[in-house]
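Colleague:
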Amino acid sequence: MTFQQELGSWLSTTTPNLPAAPLTIGSVAPRQPKLTLEPNKSTILTFLRHCGCPFAEKTFLNFREIARSNSNVDFIAVSHSSDAATETWLKSLPQAGSEPDNLRVIVDEQRQIYAAWGLGMSSYAHVLSPASMWSVWRLGKEEGIWNRPTESGSRWQTAGSFGVDGEGVVRWGGVAGRADEKVDFEEAVKVLEASGQKAKL
201 MTFQQELGSW
211 LSTTTPNLPA
221 APLTIGSVAP
231 RQPKLTLEPN
241 KSTILTFLRH
251 CGCPFAEKTF
261 LNFREIARSN
271 SNVDFIAVSH
281 SSDAATETWL
291 KSLPQAGSEP
301 DNLRVIVDEQ
311 RQIYAAWGLG
321 MSSYAHVLSP
331 ASMWSVWRLG
341 KEEGIWNRPT
351 ESGSRWQTAG
361 SFGVDGEGVV
371 RWGGVAGRAD
381 EKVDFEEAVK
391 VLEASGQKAK
401 L
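Using our numbering, you'd call the opening residue of the sequence shown number 201 and step up by one each time.
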């Protein structure tokens, strides 16, 4: 990691075109060549902040844990950092390489998939609010998750998580309202299970 790479993560960047209408519960999940959803199987996706962000790390660790106990659901984490930066970051995490078979990581450096799902650039308040800054300190102090080197990616890219049922319909989730927003993936599993049960009736 160089000073130029760290500085670059703070620079504003062009956002790919976002959909005219935001994704809502009940929307058909966007289709992208790099992001294939298994037919007739529920999928939970999380679009991460930049690799190195403590909130991205906490989100991914929770995501991995939920994936381990829900093998009947597909889990997809999407990174907008480069392939090399994403790989380096994954190897730096606790229990690196322990991802279960139903979890895969996709790199979307050009952020085309992010944009298709309605995830654009955030505001100053989204990233640097006093609440977010407090959350950074608390996450480090209480759980030992601090900022790691940022080799690529943008600190202004919004995150988000979605649950998609076996019919390809969004049943849970949305764009993160704040950089430090906590994601309840257990709730996502429950919503998708309930949706699957209704489909069988």
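Glycine included, C-beta positions come from ideal geometry on N, C-alpha and C.
How many whole angstroms separate the CB atoms of Arg378 and Ser329, which I take to be in contact at a CB cut-off of 8 Å?
Modeller: Translated into the one-based positions of the sequence shown, residue 378 becomes position 178. Translated into the one-based positions of the sequence shown, residue 329 becomes position 129. Confirmed, Cβ separation roughly 7 Å.
Colleague: Over the uninterrupted beta strand (DSSP E) stretch that includes Ile306, give me the two end residues.
Modeller: Locating residue 306 in the sequence shown gives position 106, counting from the first residue. First-last of the beta strand (DSSP E) with Ile306: 303 to 307.
Colleague: Counting C-beta neighbours from all protein chains within 10 Å, is the total for Gln357 16 or more, i.e. buried, or is it exposed?
Modeller: Taking the first residue of the sequence shown as 1, we reach residue 357 at position 157. So Gln357 counts as buried.
Colleague: Do you know offhand how far Ser322's Cα is from Ala331's?
Modeller: The count along the sequence shown starts at 1 and reaches residue 322 at position 122. The count along the sequence shown starts at 1 and reaches residue 331 at position 131. Straight-line Cα distance between these residues: approximately 15 Å.
Colleague: If you pair each beta-carbon of the segment 222 to 234 with each one of the segment 331 to 351, do three or more pairs fall below 8 Å?
Modeller: no
Colleague: Roughly how far, in whole angstroms, is the beta-carbon of Val375 from the beta-carbon of Gly360, given that I think they are within contact range, below 8 Å?
Modeller: Residue mapping note: residue 375 aligns to position 175 of the sequence shown, counting from 1. Residue mapping note: residue 360 aligns to position 160 of the sequence shown, counting from 1. Rounded, the Cβ-Cβ distance is 4 Å, consistent with contact.
Colleague: Rounding to the nearest angstrom, what Cα-Cα distance links Val228 and Thr350 in this structure?
Modeller: Against the sequence shown, residue 228 aligns to sequence position 28. Against the sequence shown, residue 350 aligns to sequence position 150. Looking at the two C-alpha atoms, the distance is approximately 34 Å.
Colleague: Sort out for me which residues DSSP pairs Gln357 with in a bridge.
Modeller: Sequence index remark: in the sequence shown, residue 357 carries index 157 (1-based). Bridge partners of Gln357: Met321.
Colleague: When you compare each of Gln310, Glu238, Glu381, Pro219 to Gly353 by their alpha carbons, which one comes out closest?
Modeller: Against the sequence shown, residue 353 aligns to sequence position 153. Checked all of Gln310, Glu238, Glu381, Pro219; the closest Cα to Gly353 is Gln310.
Colleague: With a 10 Å radius around its C-beta and 16 neighbouring C-beta atoms as the bar for buried, classify Pro254 as buried or exposed.
Modeller: For the purposes of this step, residue 254 is identified with residue 54 of the sequence shown, where counting begins at 1. That one is buried.
Colleague: DSSP beta-bridge partners for Trp372?
Modeller: Within the sequence shown, the letter at position 172 stands for residue 372. BP columns for Trp372 point to Gly363.
Colleague: Between which residues of its own chain and Pro294 is the CB-CB distance below 6 Å, once the five residues before and five after are set aside?
Modeller: Taking the first residue of the sequence shown as position 1, residue 294 is located at position 94. Closer than 6 Å at the Cβ level, and outside the excluded window around Pro294, lies no residue.
Colleague: Out of Leu245, Thr236, Met333, point me to the one whose CA is closest to Arg371's CA.
Modeller: The count along the sequence shown starts at 1 and reaches residue 371 at position 171. If we check each option's Cα against that of Arg371, Leu245 comes out closest.
Colleague: Would Asp274 and Asn302 be called neighbours here (beta carbons separated by less than 8 Å)?
Modeller: Taking the first residue of the sequence shown as position 1, residue 274 is located at position 74. Taking the first residue of the sequence shown as position 1, residue 302 is located at position 102. It is a contact, given that the beta carbons lie within the stated cut-off.
Colleague: Count the other C-beta atoms from every protein chain shown that fall within 10 angstroms of the C-beta of Ala394, then say buried if there are 16 or more, exposed otherwise.
Modeller: Along the sequence shown, read from residue 1 onward, the residue named residue 394 stands at position 194. Ala394 is exposed by the Cβ-count criterion.
Colleague: Note down the Cα distance separating Val391 from Lys234, rounded to an integer number of angstroms.
Modeller: Within the sequence shown, the letter at position 191 stands for residue 391. Within the sequence shown, the letter at position 34 stands for residue 234. Each residue's alpha carbon lies about 26 Å from the other.
Colleague: Kindly give me the distance between the Cβ atoms of Ser271 and Asp365, rounded to whole angstroms, as I take these residues to be in contact under 8 Å.
Modeller: In the sequence shown, counting from the first residue as 1, residue 271 sits at position 71. In the sequence shown, counting from the first residue as 1, residue 365 sits at position 165. That pair is no contact at about 17 Å.
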